[in-house]
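Student:
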Amino acid sequence: MYDLLIIGSGPAGMTAAIYGKRAELNVAIFEKGAPGGQVLNTAFVDNYPGFKHASGYELASSMFEHVLSLGVETKFEEVIDVKDFGEYKEVITTTNSYQAKSLLIASGTVPRKLRVKGEENFIYRGISWCAICDGALYKDKDVLVVGGGNSAVEETIYLSSIARKITIVQNLDHLTAEKSLVQKLKTISNVEVLYEANVLEFKGNESLESVIVKHRNEEKEIKIDGVFEYIGLIPVTHFLKNLPILNNQGYIQTNEFLETKIPGIFAAGDVIEKHVRQIVTATNDGAIAVQSVLKYINK
Ligand SMILES: Cc1cc2nc3c(=O)[nH]c(=O)nc-3n(C[C@H](O)[C@H](O)[C@H](O)COP(=O)(O)OP(=O)(O)OC[C@H]3O[C@@H](n4cnc5c(N)ncnc54)[C@H](O)[C@@H]3O)c2cc1C
423 MYDLLIIGSG PAGMTAAIYG KRAELNVAIF EKGAPGGQVL NTAFVDNYPG FKHASGYELA
483 SSMFEHVLSL GVETKFEEVI DVKDFGEYKE VITTTNSYQA KSLLIASGTV PRKLRVKGEE
543 NFIYRGISWC AICDGALYKD KDVLVVGGGN SAVEETIYLS SIARKITIVQ NLDHLTAEKS
603 LVQKLKTISN VEVLYEANVL EFKGNESLES VIVKHRNEEK EIKIDGVFEY IGLIPVTHFL
663 KNLPILNNQG YIQTNEFLET KIPGIFAAGD VIEKHVRQIV TATNDGAIAV QSVLKYINK
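With the working numbering applied, the sequence shown corresponds to residues 423 to 721, in that order.
Written out as structure tokens, the structure reads:
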């Protein structure tokens, strides 16, 4: 039986693994994709202390190397169910099941889709949620970015050195990204922002060719080679449907000690109900959650 099983190897899960292992817990971490989580989908990170300007890949790799250097057991398996048996918890993956005294859920979020006409036809055939993964496909081409928050502006800045022109479609009359990013964006000449605009439809044949946008009172068709959507997040909690720990938006409810309503089940990072979803807040959660795990196990 493990002391602690961690679901998700993003910044929250990896931090918890480091703190857990250093506290001599028998700990394992599950990952269904690649270690790093959303950080891997981030072109650059300028706000994580100690890294003035890191690529997402670089930061994620450093964290994972740290985890491996401590000898944390890493299981590349997708968790599909979690059961609470009081004194112990069971984690069921697509291939195995495991038992532990405690469980930390750090499964993060996935990007929200626009859900407008034509979108399903062009997923990964013109529509993407990851500029660092797919940006190179649009060298010297025209790209549309949907959204106006930090992710949309950061990724636009990244794409601006690859694409010919980028049009940002933002539903509000201003960008909500932090000031320094907005200032940087203003210095870039191949970016146009359409405020109070919404994408209504994606059009094309084999791949995406154009987008219908409603800009204030005018509907227009914009010829485009690719679209990147950054319009929000959805918590990854479908595998927890049998546990009464979610709010009505699917985020996990915790207290300040990162405890859920179920003793022995903790949660950390973007997957919890919180105000600021960033790498530094995810790592913060991972560290706090392990202190609560230790208290629970040693009670
Ligand atoms: C485009 C973009 C740019 C960003 N830029 C910045 C930035 O510049 N600075 C900053 O601080 N933050 C940035 N963020 C936010 C930051 O990436 C997140 O806040 C952070 O990654 C959250 O960490 P996490 O560990 O909670 O979750 P995640 O990073 O989402 O990691 C969760 C992990 O859990 C795994 N997982 C999920 N379900 C299962 C399952 N059932 N079984 C096994 N594994 C599972 C996932 O595969 C994933 O690896 C950005 C985000 C995006 C999308």
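Where a beta carbon is used, it is the ideal one built from N, C-alpha and C, also for glycine. What you are looking at is a predicted structure, and each value in this text was computed from that prediction instead of being measured.
1. Return the first residue and the last residue of the alpha helix (DSSP H) that Asp707 is part of.
2. Quick one: what's Asn620 bridged to in DSSP?
3. Taking Met423 as the reference, give the member of Thr703, Ala709 and Val513 with the closest Cα.
4. Should Val575 and Phe650 be called a contact, given that it needs their Cβ atoms to be closer than 8 angstroms?
5. Who pairs with Glu499 in a beta bridge, going by DSSP?
6. Pull up the distance between the alpha-carbon of Lys497 and that of Ile590, whole angstroms please.
7. Under 8 angstroms, do Ile440 and Val504 count as touching if we go by C-beta distance?
8. Output needed for Thr516: all residues of its chain with C-beta closer than 8 angstroms, excluding positions within five of it in sequence on either side, in chain order.
9. Going by DSSP in three states, Gly626 sits in which element: helix, strand or coil?
10. Is it buried or exposed, Val698, if we count other Cβ atoms within 10 angstroms and call 16 or more buried?
11. Tell me whether Leu607 sits in a helix, a strand or coil according to DSSP, three-state version.
12. If you follow the beta strand (DSSP E) that Tyr520 is part of, which residue opens it and which one closes it?
13. Is Ala599 near ligand 1 - that is, is its Cβ less than 7 angstroms away from at least one heavy atom of it?
14. I'd like the span of the beta strand (DSSP E) that includes Tyr510, first residue to last.
15. From the DSSP output, in three-state form, read off Pro533 for me.
16. Among Thr682, Pro666, Tyr673 and Phe661, which has the Cα closest to the Cα of Leu655?
17. In chain order, what residues of the same chain lie with their CB nearer than 8 angstroms to the CB of Arg444, ignoring the 5 residues before and after it?
Tutor: Put simply:
1. Where Asp707 is concerned, the enclosing alpha helix (DSSP H) stretches over Ile701 to Ile719.
2. Under DSSP, Asn620 shares a beta bridge with Lys636.
3. Nearest in C-alpha terms to Met423, of all of Thr703, Ala709 and Val513, is Val513.
4. The criterion of a C-beta distance shorter than 8 angstroms is not satisfied by Val575 and Phe650.
5. None, per the DSSP bridge assignment.
6. If I take the Cα positions, the gap works out to 39 angstroms.
7. With a cutoff of 8 angstroms on beta-carbon distance, Ile440 and Val504 are scored as not near each other.
8. Sequence-distant partners of Thr516 (beyond 5 residues in either direction) whose C-beta falls short of 8 angstroms from its own C-beta, in its chain, are Glu499, Glu500 and Ile502.
9. Residue state for Gly626 is assigned as strand, using DSSP reduced to three classes.
10. With fewer than 16 other Cβ atoms within 10 Å, it is exposed.
11. Leu607 falls in the helix class under three-state DSSP.
12. Tyr520 -> beta strand (DSSP E) spans Ser519 to Ile527.
13. Using a cutoff of 7 angstroms, the CB of Ala599 does not count as near ligand 1, since none of the ligand's heavy atoms is closer than that.
14. Per DSSP, the continuous beta strand (DSSP E) segment holding Tyr510 begins and ends at Tyr510 to Thr515.
15. Note: Pro533 maps to strand in three-state DSSP.
16. Nearest of Thr682, Pro666, Tyr673 and Phe661 to Leu655, Cα basis: Tyr673.
17. For Arg444, the CB contacts under 8 angstroms within the same chain, skipping 5 residues up- and downstream, are Leu492 in chain order.
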